[in-house]
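Student: The structure follows.
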Amino acid sequence: MSKKSSVAIVGGGPGGLLLARMLYLKGVAFTVYERDESPVHRGQGGMLDLHPGTGQYAMKRAGLFAEFQHFARYEDQGTRLYDKHGLLVYQDDASDGDRPEIDRSQLRDLLLQSIPADSVRWGCRLTQAVPRDDGTFELRFENGSVARHDFVAGADGAWSKVRLLVSDAKPRHIGLTLYELAIDDADTRHPGIAALVGRGTMIAKGDGKSIFAQRNANAHIRVYAALPGEERPGFEATKESLAAQFAGWDGSLLQLFDAAKDTVRPWPICALPVGHRWQSRAGVTLIGDAAHVMPPAGVGGNLALRDAADLADALTGDEDRTIAVRAYEALMWERAATAAGEAMQAMAAGFAEDSLEATMKRISGVA
Ligand SMILES: Cc1cc2nc3c(=O)[nH]c(=O)nc-3n(C[C@H](O)[C@H](O)[C@H](O)COP(=O)(O)OP(=O)(O)OC[C@H]3O[C@@H](n4cnc5c(N)ncnc54)[C@H](O)[C@@H]3O)c2cc1C
């Protein structure tokens, strides 16, 4: 299979698909290689709030802002902060905010529908990208297929295989794991929980631990128990064992575990070094988590979308491609370094002894 003169986008997450959409608009040939077997192969996780200068900017550039607005939930931007006794210590309904939420599955579907169906190769897990003497790259996939491209965009997330072409850096566990649980149909079946969480995100903090809960579309609530510790905890994660980690916390908070379904999804939080960058190499670059995975502080998905829009500009402009991509990288590194530094600081403050006060100052804009 030869695909010379077309762009390979490895990874069909928010970054890869936004890049695909923008190349499609400009008539640049591309193929997306995605390891998932199909669009419905796995759940896409919770929701993203798109910020004006990054996520929303990218959706506008991709001509998809009206489609985004169709799903955007401006009414779900609120934040509530509780202490471990269930006392509400901060509340902001943010109904006039400009960071509307969208479920990740809705965002992925929206992006997929904006490009030709046959431009995505499902079930293609990249195992190796090999540089060739003629300046092209050979992509080898687990399913035995091989492709050749003269430009490779690594949008393959935290454990990027494309990154190996430019960098030896690897994400490291930062001493925190989130355990994701799900509650269906909260308004009808668990009105007390719906009221506790409110329209947006709730955070409960104490003892250097946290519980987060987010209201998704259709009254679906995602709960995250955030526990410091090693990547492999010394217990099997079930909703009961997680509740036990919060022994002594108020029943109004522990009901989040009782009401959850049995499935628990652990998210060991790993990050690349703050300020990760590399020696630019012609024909390849990275966007999103592949370039700068950082602790979740509400910006990673937004940055991935913005990176994709900027890289699309670099690949489709009049300037020499290698020079334009270098300029993209310089801007992206700068932006990511600032965000990653802030995310690491927020993480450290969020799990310190005085984390309740620190979090309150941060989300209320006092600090
Ligand atoms: C618990 C949690 C909560 C978060 N909350 C937020 C939030 O509120 N706001 C926000 O902006 N960000 C948030 N983030 C961060 C956000 O999820 C990521 O930054 C974002 O998904 C990065 O997008 P991406 O396209 O770069 O990579 P990904 O979303 O990771 O997509 C990578 C894609 O590549 C595919 N892939 C991986 N390896 C290969 C391979 N070898 N071959 C082919 N395909 C491959 C994957 O299947 C996937 O589809 C959160 C992260 C976590 C863990």
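Residues 0 to 366 in numbering that gives the first Met the number 0 are what the sequence shown lists, from first letter to last. All residues carry an ideal CB built from backbone N, CA and C; glycine is no exception.
#1: If Gly62 and Ile286 are in contact, beta carbons under 8 Å, what's the gap, nearest whole angstrom?
#2: Please state whether the Cβ-Cβ distance between Ala157 and Val9 is less than 7 Å.
#3: Can you tell me where the alpha helix (DSSP H) with Gly373 in it begins and where it stops?
#4: Taking the runs of the alpha helix (DSSP H) that are 4 residues or longer, which of them lie wholly in the stretch 0-75?
#5: Express the C-alpha separation of His275 and Ala326 in angstroms, rounding to a whole number.
#6: Please name the residue, chosen from Val31, Phe70 and Ala28, that lies closest to Asp48 on a Cα-to-Cα basis.
#7: When DSSP builds the beta bridges, which residues end up paired with Ser251?
#8: Let me make sure I understand the geometry here. Which of Lys204, Leu226, Arg198 and His172 has the alpha-carbon closest to that of Gln213?
#9: Residues bridged to Glu179 by DSSP?
#10: Assuming the contact rule is C-beta atoms closer than 8 Å, Ala218 and Asp184 should be a hit. Round their C-beta distance to whole Å, please.
#11: Going by other Cβ atoms of all chains shown within 10 Å of its Cβ, with 16 needed for buried, is Phe211 buried or exposed?
#12: Excluding five sequence neighbours on each side, which residues of the same chain lie with their C-beta closer than 8 Å to the C-beta of Arg41?
#13: Can you name, in chain order, every residue of its own chain whose Cβ lies under 8 Å from the Cβ of Leu24, other than the five neighbours on each side?
#14: Which value, in whole angstroms, describes the spacing of the CA atoms of Ala128 and Leu86?
#15: Please look up how many angstroms separate the CB atoms of Pro99 and Gln76, rounded, as I've assumed it's under 8 Å.
#16: Hey, how far is the Cα of His392 from the Cα of Ile322?
#17: Following the continuous beta strand (DSSP E) through Glu137, name the residue where it begins and the one where it ends.
#18: Going by the DSSP bridge assignment, what does Met201 pair with across the sheet?
#19: With respect to the alpha helix (DSSP H) encompassing Val196, which residues constitute its N-terminal and C-terminal limits?
#20: For Gln127, report the span of its beta strand (DSSP E) as first-last.
#21: I'd like to confirm the pairing. Which residues does DSSP put opposite Thr284 in its beta bridges?
#22: Just verifying my parser: in three-state terms, what is the DSSP assignment at Val298?
#23: If we count the other Cβ atoms within 10 Å of its Cβ and call it buried at 16 or more, is Val145 buried or exposed?
#24: Rounded to the nearest angstrom, what separates Arg221 and Ile202 at their Cα positions?
#25: Just the Cα atoms here: how many angstroms apart are Pro295 and Asp117?
#26: Less than 8 Å between the CB atoms is what I'm expecting for Val283 and Phe136, so what's the real figure, rounded?
#27: Where does the unbroken beta strand (DSSP E) through Leu87 begin, and where does it stop?
#28: Where Ala65 and Gly153 are concerned, what is the direct C-alpha to C-alpha distance, given to the nearest angstrom?
Tutor: According to the data block:
#1: About 19 Å separates the two Cβ atoms, so there is no contact after all.
#2: no
#3: Limits of the chain in this structure are 0 at one end and 366 at the other, which puts residue 373 out of reach.
#4: 13-24, 56-60 and 64-70
#5: For Ala326 and His275, the distance between alpha carbons rounds to 16 Å.
#6: Phe70
#7: Beta-bridge pairing links Ser251 to no other residue.
#8: Distances from the alpha-carbon of Gln213 to those of Lys204, Leu226, Arg198 and His172 put Arg198 closest.
#9: Its beta-bridge partners are Tyr223 and Arg264.
#10: 6 Å
#11: Phe211 counts as buried, since no fewer than 16 other beta carbons sit within 10 angstroms of its beta carbon.
#12: Asp35
#13: Ala61 and Gly62
#14: 53 Å
#15: 7 Å
#16: Nothing can be reported for residue 392: it is not among the residues displayed for the chain, which extend from 0 to 366.
#17: Per DSSP, the unbroken beta strand (DSSP E) holding Glu137 starts and ends at Phe136 to Phe140.
#18: BP columns for Met201 point to Arg79 and Ala212.
#19: In this chain, the alpha helix (DSSP H) harbouring Val196 covers Pro190 to Val196.
#20: Leu125 to Pro130
#21: Thr284 has Ala152 as its beta-bridge partners, per DSSP.
#22: coil
#23: exposed
#24: 12 Å
#25: Pairing Pro295 with Asp117, the inter-Cα distance amounts to about 32 Å.
#26: 7 Å
#27: Leu87 to Asp91 is the extent of the beta strand (DSSP E) around Leu87.
#28: Roughly 28 Å separates the two Cα atoms.
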